[in-house]
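These notes are about the structure you will find just below.
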Amino acid sequence: MSKFWATFRLTYGKKIKAKTFIITTIIMILVILGAANMDKIVKLFDGGDDTKQVAIVTNNNALYDTIKAQGEAIDKDTKFEHLTKAKAEKALKNDSVDYIVEVTQNEQKQLQGTLVDTKQVSEGDKAKWQATLSQIQKSMIAQDLDLSPTELQQLQADSQVTDKVMNGTSKGTSHVSAMEDVVASVMVSIGNVLMFFIVINYANQVAMEVATEKTSRVSEMIITSVKPTVHVLSKVLSVIAVAFTQLVIFAIAGIASYYAFDLQETLGKIDFEWTPHLMRLLLFGIAFVVLSVIAYVILATILGNLTARIEDISQTLMPLTVLMLAGFYAGFFGTMNPEHTIVRVLSYVPFFSPFVTFTRLSLESTPTMEGLIAVGIHIVLVVVLVWVAAKTYKNAVLTFEKGLVASLKRAFQKEH
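In terms of the working numbering, the sequence shown opens at residue 17 and continues consecutively.
Below, the structure is given as structure tokens:
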């Protein structure tokens with residue numbers, strides 16, 4: 017056991033001190049800090065002032081007063097000024113106003129607005145002014161028709177449409193809010209991307225290290241003092257420990273950013289409640305990240321040990337890369353159609369289930385048992401891969417047959 021921990025500490029320390037680990041960790045921490053301060057960065061490039069100056073051009077003073085009152089009620093950061101057309105255009109050229117709104121009224125008493133700017137007017141501003149002028153127009157028509165405020169409110173009332181998800185695992189029903197659905201989708205997207213980049217990074221590292229040891233004949237010296245199975249397991253677990261160390265650092269950076277940059281206030285403005293459905297999704301997400309990293313890293317170790325020449329490592333790892341890309345894109349396809357038959361089948365397929373099942377669990381209607389089955393299948397897969405890795409390393413560590421088929425035959429041959 018002492019030899020196991022000696023190899024583990026040596027490999028773990030070397031990976032932690034590596035330039036690639038330090039650089040990628042610093043970059044990701046900077047990304048997290050940047051995301052936490054995105055609102056401040058936007059304000060910095062916008063000059064730090066969100067207040068807009070809008071010139072209103074109309075011949076009707078009463079209409080201007082109504083527009084100003086309605087506009088300020090919608091957007092408190094917008095200031096309005098009543099100008100003639102000539103003065104408004106001059107102010108726009110001098111950057112005294114952000115844009116001009118010309119409002120006219122035709123014979124049918126319909127309001128017509130024209131937004132004038134030195135650049136393309138945003139669709140958001142167009143939609144805002146269309147809603148503002150439409151509301152004022154309805155009020156003006158209601159006054160002409162002598163409608164009471166109550167009658168006008170009834171006329172403008174929208175029909176209500178709600179959604180309800182029938183939970184197939186029980187006799188009751190459950191409701192999923194739009195915000196909860198958005199949060200679940202964001203969690204799935206972040207989780208799948210995180211799994212993909214961690215796996216592709218550390219799987220390549222462990223495969224390269226095992227192949228380098230083998231092709232440089234260092235392994236000949238190692239096996240004289242350490243059992244092959246002990247050596248390969250300590251190396252695999254040390255790389256997995258490095259991966260989770262990096263994840264912990266990211267988590268600490270995220271938590272620190274949450275409290276250091278007053279994200280509580282920003283996120284508090286969002287109509288969001290932490291529900292049992294989202295907690296279930298988070299727990300399964302953590303489980304799938306852990307299992308996918310372990311499974312893919314062990315598979316990479318097996319493939320790296322079957323490499324006879326270091327130049328062939330990319331070709332040897334091609335099956336793993338294809339498998340990983342297929343799983344990632346299957347999960348991406350699952351976000352668009354989680355109930356598709358192919359997605360449901362792939363949720364039980366090893367190497368695919370961390371991506372696909374995680375995606376399907378974003379639906380509250382997906383049974384928890386489906387996730388537990390996928391976790392169980394992957395735990396069995398990890399046990400099998402550990403056995404295969406130990407056996408192949410023991411039998412193939414000192415063999416240098418060319419070709420993957422010949423290496424596999426040698427790796428699985430019976431001991432005499």
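Every residue gets a Cβ at the ideal spot worked out from N, C-alpha and C, and that includes glycine.
Keep in mind it's a predicted model, so treat the numbers as computed, not measured.
8 Å CB neighbourhood of residue i in its chain, flanking five on each side removed
i: Gly50; result: Ile57
i: Val258; result: Tyr28, Lys31, Ile32, Phe37, Tyr218
i: Ile395; result: Leu307
i: Phe300; result: Thr373, Phe374, Leu377, Gly387, Val391
i: Thr23; result: Val242, Val246, His247, Ser250, Lys251, Ser254
Chain-order list of residues whose beta-carbon lies under 7 Å from that of residue i (same chain, five-residue window excluded)
i: Ala406; result: Thr245, Val248, Leu249
i: Phe277; result: Ala52, Asn53
i: Val215; result: Ser308, Val309, Tyr312, Met340
i: Ile256; result: Val309, Ile310, Val313
i: Thr185; result: Any reading at Thr185 must be qualified, since the residue scores a pLDDT of 45, below 50, and its modelled position is unreliable; the value itself is stated next. Same-chain partners within the cutoff: Pro383.
i: Asn353; result: Val359
i: Met44; result: Phe266
i: Gln151; result: Gln86
i: Lys187; result: Bear in mind that a pLDDT of 40 at Lys187, under 50, signals an unreliable position, so the number given afterwards is only what the model happens to contain. Hits under 7 Å: none found.
i: Thr82; result: Ile152
i: Lys103; result: none
i: Ser138; result: none
Neighbourhood of residue i by C-beta distance below 6 Å, restricted to the same chain and skipping five residues each side
i: Thr27; result: Lys251, Ser254
i: Val242; result: Lys19
i: Leu362; result: Ala346, Phe368, Val372
i: Tyr364; result: none
i: Asn208; result: Gly347, Phe371
i: Tyr80; result: Ile72, Thr74, His98
i: Thr120; result: Gln128
i: Val226; result: Thr317, Gly320, Asn321
i: Trp21; result: none
For residue i: DSSP bridge partner residues
i: Ala71; result: Glu97, Ile116
i: Thr130; result: Glu118
Supposed close pair residue i, residue j - CB separation, criterion 8 Å
i: Phe96; j: Met211; result: About 51 Å; that fails the 8 Å criterion.
i: Leu127; j: Leu149; result: 5 Å
i: Ala316; j: Val222; result: 5 Å
i: Ser378; j: Val204; result: 5 Å
i: Thr134; j: Leu161; result: Not quite, the Cβ-Cβ distance comes to about 40 Å (not below 8 Å), so this is no contact.
i: Pro366; j: Ile393; result: 6 Å
i: Ser201; j: Thr40; result: So it is not a contact: roughly 26 Å between Cβ atoms.
i: Lys106; j: Ile157; result: Actually they are not in contact, since the Cβ atoms of Lys106 and Ile157 sit about 35 Å apart, beyond 8 Å.
i: Thr291; j: Glu196; result: 6 Å
i: Leu67; j: Asp93; result: The sequence shown places Thr at residue 67, rather than the Leu named in the question. Right, the Cβ-Cβ distance comes to about 5 Å (below 8 Å), so this counts as a contact.
* Secondary structure, alpha helix (DSSP H): runs of 4+ residues fully inside the stretch 79-110 -> DSSP assignment within the stretch 79-110 yields the following whole alpha helix (DSSP H) runs of 4 residues or more, N-terminal first: 101-109.
* Meets three-Cβ-pair contact criterion under 8 Å: the stretch 80-90 and the stretch 38-48 -> These segments do not touch.
* To do: Just list the alpha helix (DSSP H) runs in the stretch 334-382, keeping only unbroken ones of 4 residues or longer that don't cross its boundaries, in chain order.
  => For the stretch 334-382, whole alpha helix (DSSP H) runs of length 4 or above, ordered along the chain, are 334-352, 357-362, 369-376.
* Asked: Within the chosen definition, does the stretch 347-366 reach the stretch 267-277 through at least 3 CB pairs nearer than 8 Å?
  -> No, because fewer than three Cβ pairs between the stretch 347-366 and the stretch 267-277 fall closer than 8 Å, the two stretches do not touch.
* **Inter-stretch contact (C-beta, 8 Å, three-pair minimum) for the stretch 344-355 and the stretch 309-320** => By the C-beta criterion, the stretch 344-355 is judged not to be in contact with the stretch 309-320, since fewer than 3 inter-stretch pairs fall below 8 Å.
* To do: Please determine if the stretch 107-125 and the stretch 68-86 are in contact, where contact requires at least 3 C-beta pairs separated by less than 8 Å.
  => The way I'd put it, the stretch 107-125 does touch the stretch 68-86; three or more beta-carbon pairs between them come closer than 8 Å.
* Any chance you could list the alpha helix (DSSP H) runs of at least 4 consecutive residues sitting entirely within the stretch 206-271, in chain order? => With a minimum length of 4 residues, the continuous alpha helix (DSSP H) runs that stay inside the stretch 206-271 are 234-238.
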